[in-house]
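If you're matching them up, the sequences are chains A and B in order. Under numbering that gives the first Met the number 0, the residue at position 45 of the first sequence is numbered 44, and the numbers go up by one with no gaps. Under numbering that gives the first Met the number 0, the residue at position 27 of the second sequence is numbered 26, and the numbers go up by one with no gaps.
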Amino acid sequence: MGYDILTRVIEFTESDLAIDSRMGKVAGLLVKEFPFDSCAIYAWDDKEKLFKLNVAAGSRKGRVESYGQNQGLPGLARKTKKHLEAYKPGPEGILWQETEDRGLKGFKGACVYPLKDRQRWYGLLYLKSAKKVELSPGEKKLLEVISRLLVSNFKCKHHSQSLKKAGTKIKDIHSRLTQAEKLIVLGELSATFAHEIRNPLVSLGGFAARLKKKIEPDSPFNVYVDYMVNEVRRLEQIINNILRYTEQKEAVFEGTDLNNILSESLAFFSEVFKKHDIEIVEGFARKPLRVMADRHQLKIAFDNLIANAIQSMEKGGKLTVSTSREKSWAVVDLTDNGGGIEPRYINNIFEPFFTTKKYGTGLGLDITKRIITKHKGRIDVDNKMGQGVTFSVKLRRA
Amino acid sequence: MKKRVLVVDDEEGIRLLYKEELEEEGCEVTLAASGEEAIEKLESDSIDLVLLDIKMPGMDGVEVLRKVKEKWKDLPVILCTAYPHYKNEFGTWASEAYIVKSSDLRELIDTIKNILEMKQ
Ligand SMILES: Nc1ncnc2c1ncn2[C@@H]1O[C@H](COP(=O)(O)OP(=O)(O)OP(=O)(O)O)[C@@H](O)[C@H]1O
Ligand SMILES: [Mg+2]
């Protein structure tokens, strides 16, 4: 029977089936062809230091999902690195009791084959029988060979997993590279941008503002001129964003009060809040919230968040700004009621150039995140679709 | 007495805009379209403040600034440019102020007023 079984095992292990199904077939075969009632193949989890049930066949009695590295017969096999046989009672009956394997209840004989090579453990093959079994030397040899085949199956699985991981890593590196390329091009472009576009914009907008001064306050041309002035300001803002993005200045850290920085950011937007009918609700921590920070950069970070909130509530709304202490963190929460972010975009909003706005550059949140990261802080989003968004910034208290 | 401001910029639109705005603020304005012309004007006219663009063909703003500080040590200079990048390099060095050009002229006008008032 020996070669017969071996041929079939090889057929299974070479088949196109998923690796776990191949091993399942082998387990089934072992229960059928050997005097065992239960066959289980465990996989070794090196992180958790556990043997975890991978596939099983035969009796469900005493099926144990996992064994710790010191538990039961599998634990003993791991310790001795050897193939073990145990009978109840018998010449090796002591082994049986010693192991206190709860999976052995209802069985009279069992054996374990380590699935390992010189470098590492992959798992083990666990066979149990309700009757006493004596394996012939030929059968033992056969099980050893089958164990080896199982090891190569595990290796296969292992390699295909690391291949997959490598694939994801390459994709990640690739996307980061293209992003880096974008940035380099952008950096070169921005110098040209600044000069070639900013200068004409300055005269365009500057003269429009002069025109505004000259025409009668009730002239119908006021509308046109207002458009000119405002559109130019917006273009300038986009250029500022792009320049800021490529600038990447070194941060200068000093002890500062977060409440104070936020107040300044809010003050900066006070006219805009009025214009869009946005109510500000301040809930600042009473005492100053000291952090080590680059004031200028942090302000940019908050400006971006506030600007986004305003843009989501252009027809009016409420912006709640609160600061608090949370263990060693200083926390800033900015909550708007501008309807929130569509869930399908939620994973994209921090990407550079991602925008849903007609005139956005999509750099605001990316810049903000970079700044917060530079401060060893974190930023989280709580999105309530249909209601609004809360951006939480956490910084280490000084 | 009216203060005299020298505007140095290679862009005609900018020169005209600054001239009109500053005249409205009660200054007398002299224009120069290049670094070389700026030095000429400084030699011939008596100037109270210089508004200086950095990036110009030929003699650029940095060179002009250096000359000015050699010859007219106490003459205030405002660097006025499309680039925010230079701020660290030149901002604290020799000029009185560094302003990034914007169509909103309030910052520029305020800075000019402050500097001229302090000089009095
Ligand atoms: N408070 C908010 N409410 C709703 N959507 C938001 C909010 N903040 C960000 N978003 C979404 O995230 C996207 C990315 O924001 P980000 O600030 O990075 O770019 P932007 O605002 O579109 O452009 P920029 O800030 O460069 O002008 C926005 O286009 C918007 O869809
Ligand atoms: Mg934004």
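By construction, the Cβ of each residue, glycine as well, lies at the ideal position given by its N, Cα and C atoms.
For residue i, count the other beta carbons within 10 Å of its own beta carbon; 16 or more makes it buried, fewer makes it exposed. Which is it?
{"i": "A:ALA17", "result": "exposed"}
{"i": "A:ARG406", "result": "Because chain A spans 0 through 397 in this model, residue 406 of chain A falls outside it and cannot be assessed."}
{"i": "A:SER14", "result": "exposed"}
{"i": "A:TYR226", "result": "exposed"}
{"i": "A:ARG197", "result": "buried"}
{"i": "B:ALA81", "result": "buried"}
{"i": "A:ILE366", "result": "buried"}
{"i": "A:GLU313", "result": "exposed"}
{"i": "A:LYS274", "result": "exposed"}
{"i": "A:ASP36", "result": "buried"}
{"i": "A:ASN307", "result": "buried"}
{"i": "A:PRO73", "result": "buried"}
{"i": "A:ARG147", "result": "exposed"}
{"i": "B:LYS2", "result": "buried"}
{"i": "A:VAL280", "result": "exposed"}
{"i": "B:THR91", "result": "Low confidence applies to B:THR91: its pLDDT is 42, below 50, so where it sits in the model is not reliable, and the reading given next is rough at best. Burial call: exposed."}
{"i": "A:LYS104", "result": "exposed"}
{"i": "A:CYS155", "result": "exposed"}
{"i": "A:LYS375", "result": "exposed"}
{"i": "A:GLU84", "result": "buried"}
{"i": "B:LYS118", "result": "exposed"}
{"i": "A:THR6", "result": "exposed"}
{"i": "A:VAL201", "result": "buried"}
{"i": "A:PHE268", "result": "buried"}
{"i": "B:MET55", "result": "buried"}
{"i": "B:ASP9", "result": "buried"}
Residue i to residue j, Cα distance in whole Å?
{"i": "A:PHE272", "j": "A:HIS157", "result": "58 Å"}
{"i": "A:ARG335", "j": "A:GLY316", "result": "A small correction: the amino acid at residue 335 of chain A is Asp; Arg does not occupy that position in the sequence shown. Using only the alpha carbons, I get a separation of about 7 Å."}
{"i": "A:PHE11", "j": "A:GLN96", "result": "36 Å"}
{"i": "A:ALA284", "j": "A:ILE345", "result": "29 Å"}
{"i": "B:LEU107", "j": "A:GLN296", "result": "23 Å"}
{"i": "A:VAL150", "j": "A:ASN69", "result": "22 Å"}
{"i": "A:LYS51", "j": "A:LYS164", "result": "21 Å"}
{"i": "A:ALA208", "j": "A:ALA329", "result": "42 Å"}
{"i": "A:GLU32", "j": "A:LYS48", "result": "32 Å"}
{"i": "B:GLU22", "j": "A:ASP293", "result": "39 Å"}
{"i": "A:ALA250", "j": "B:ILE111", "result": "29 Å"}
{"i": "A:ILE309", "j": "B:LEU50", "result": "36 Å"}
{"i": "A:VAL111", "j": "A:LEU124", "result": "6 Å"}
{"i": "A:LYS393", "j": "A:ARG377", "result": "5 Å"}
{"i": "A:LEU29", "j": "A:CYS38", "result": "7 Å"}
{"i": "A:GLU253", "j": "A:VAL290", "result": "8 Å"}
{"i": "A:ILE277", "j": "A:LEU318", "result": "7 Å"}
{"i": "A:LYS212", "j": "B:ASP109", "result": "18 Å"}
{"i": "B:LEU16", "j": "A:LEU265", "result": "31 Å"}
{"i": "B:ILE77", "j": "B:VAL99", "result": "10 Å"}
{"i": "A:ARG119", "j": "A:ASN347", "result": "40 Å"}
{"i": "B:ARG14", "j": "A:GLU325", "result": "54 Å"}
{"i": "A:GLU138", "j": "A:LEU114", "result": "17 Å"}
Which residues in chain B sit within 7 Å of residue i, going by Cβ to Cβ distance?
{"i": "A:PHE206", "result": "LEU16"}
{"i": "A:GLU235", "result": "SER101, SER102"}
Run down chain A in chain order and give the residues with a C-beta less than 8 Å from the C-beta of residue i.
{"i": "B:SER33", "result": "Correct list: empty, because the minimum Cβ distance to chain A is about 15 Å."}
Determine the chain A residues that contact residue i at a beta-carbon separation under 7 Å, and present them in chain order.
{"i": "B:ALA81", "result": "ALA193, HIS194, ARG197, ASN198"}
{"i": "B:GLU19", "result": "ARG209"}
{"i": "B:LYS2", "result": "Per Cβ cutoff of 7 Å: no residues; B:LYS2 is ~21 Å from chain A at best."}
{"i": "B:LYS54", "result": "HIS194"}
Residue i touches chain B at which residues, Cβ-Cβ below 9 Å?
{"i": "A:LEU203", "result": "GLY12, SER102"}
{"i": "A:ARG369", "result": "Those within 9 Å of A:ARG369 in chain B number zero; the least Cβ separation is about 17 Å."}
Could you name the residues that DSSP lists as bridge partners for residue i?
{"i": "A:ASP332", "result": "A:SER321, A:SER391"}
{"i": "A:SER128", "result": "A:GLY108"}
{"i": "A:PRO113", "result": "A:LEU123"}
{"i": "A:LEU52", "result": "A:TYR41"}
{"i": "A:ASP381", "result": "A:THR389"}
{"i": "B:LEU78", "result": "B:LEU51, B:TYR97"}
{"i": "A:GLY282", "result": "A:SER321"}
{"i": "A:ALA85", "result": "A:ALA109"}
{"i": "A:ARG396", "result": "A:VAL290"}
{"i": "A:THR255", "result": "A:VAL290"}
{"i": "A:GLY57", "result": "A:SER37"}
{"i": "A:SER65", "result": "A:LYS51"}
{"i": "A:ILE277", "result": "A:GLY316"}
For a contact defined as C-beta to C-beta under 8 Å, what are the partners of residue i on chain E?
{"i": "A:VAL231", "result": "Of the chains in the structure shown, none is chain E; the protein chains are A and B."}
**Q.** Ranges of the beta strand (DSSP E) found wholly within the segment 3-51 of chain B, counting only runs of at least 3
**A.** Every beta strand (DSSP E) stretch that sits fully inside the segment 3-51 of chain B and reaches 3 residues is listed by chain position as 26-31, 48-51.
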